[in-house]
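Residue numbers (the working numbering): 4 to 157. Glycine included, every Cβ here is placed at the ideal spot set by N, Cα and C. It should be emphasised that the depicted structure is a prediction, and the values quoted were computed from it without experimental measurement.
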Amino acid sequence: MTDYHLPPSLHEFEVSISAWLAGFAAGNPTCEAIDRGAAGEPEPRWYVRLRGDEKEHITIWLTLGQRTLRYEAYVLPAPQENVAAVYEMALRRNDRLVGAHFAIGVEDALFLRGEMPLAWLDEAELDRIIGSLYSYTEQAFPSLVRLAFASKFA
Numbered sequence: 004m005t006d007y008h009l010p011p012s013l014h015e016f017e018v019s020i021s022a023w024l025a026g027f028a029a030g031n032p033t034c035e036a037i038d039r040g041a042a043g044e045p046e047p048r049w050y051v052r053l054r055g056d057e058k059e060h061i062t063i064w065l066t067l068g069q070r071t072l073r074y075e076a077y078v079l080p081a082p083q084e085n086v087a088a089v090y091e092m093a094l095r096r097n098d099r100l101v102g103a104h105f106a107i108g109v110e111d112a113l114f115l116r117g118e119m120p121l122a123w124l125d126e127a128e129l130d131r132i133i134g135s136l137y138s139y140t141e142q143a144f145p146s147l148v149r150l151a152f153a154s155k156f157a
């Protein structure tokens, strides 16, 4: 597929995202690191590592697709206890989330995921995405981890 139909090209989006993320990191004490994916990956990818209060580190992956920006944050490893209750709690929280949802990923880990059309992407929207994933993770993590690993907190 070509990208000529988009007002900015994919390369322009890639350059803009890199610049926006550099600005986001500058002087931001919450931002620990921003890095790019491996050179051979089929789609451009960024990693934003944030320092959390409830969860020590929050990593957000941004992946630039042909027509969308996909984003995800790792929340919790596969629950060792109360598995159904953990997944139910996450699904019930989905009702209150905007632009993201809890999903079960590799090795049954819990992620927050979302996707948006590139036509909507600008610096304010990228900031909203990062802020939302950070906030949603910080809000959900304490209750999810205590339920998923209850015997460790007894």
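Inside the region 18 to 90 only - beta strand (DSSP E) runs reaching at least 3 residues:
Within the region 18 to 90, the complete beta strand (DSSP E) segments at least 3 residues long are 34 to 39, 48 to 54, 60 to 67 and 71 to 79, listed from N- to C-terminus.
Which residue's Cα is closest to the Cα of residue 127: 13, 100, 14 and 26?
When the alpha-carbon of residue 127 is set against those of 13, 100, 14 and 26, the nearest one is in 26.
Between which two residues does the alpha helix (DSSP H) containing residue 134 stretch?
It spans 126 to 151 - the alpha helix (DSSP H) in which residue 134 sits, taken as one unbroken run.
Among 70, 76 and 66, whose alpha-carbon lies nearest the alpha-carbon of residue 53?
Taking only the C-alpha atoms, the option nearest residue 53 is 76.
Work out the CA separation of residue 89 and residue 61 for me, nearest whole Å.
Our two residues, residue 61 and residue 89, have alpha carbons roughly 19 angstroms apart in a direct line.
In terms of residue numbering, what span does the beta strand (DSSP E) encompassing residue 117 cover?
Annotation: the continuous beta strand (DSSP E) that includes residue 117 extends over 113 to 120.
Give every residue of the same chain whose Cβ lies closer than 6 angstroms to the Cβ of residue 94, excluding the five residues on either side of it in the sequence, and list them in chain order.
Answer for residue 94: no residue qualifies.
DSSP beta-bridge partners for residue 106?
Answer is 114.
In the structure shown, what three-state DSSP assignment does residue 93 receive?
In the three-state reduction of the DSSP assignment, residue 93 falls in the helix class, which pools H, G and I.
Return helix, strand or coil for residue 154, following the three-state DSSP convention.
Helix, per DSSP.
For residue 42, does the count of other Cβ atoms within 10 angstroms reach 16, so buried, or fall short, so exposed?
Per the 10 Å Cβ criterion, exposed.
Report yes if the CB atom of residue 121 is closer than 7 angstroms to the CB atom of residue 70, and no otherwise.
Cβ atoms of residue 121 and residue 70: closer than 7 angstroms.
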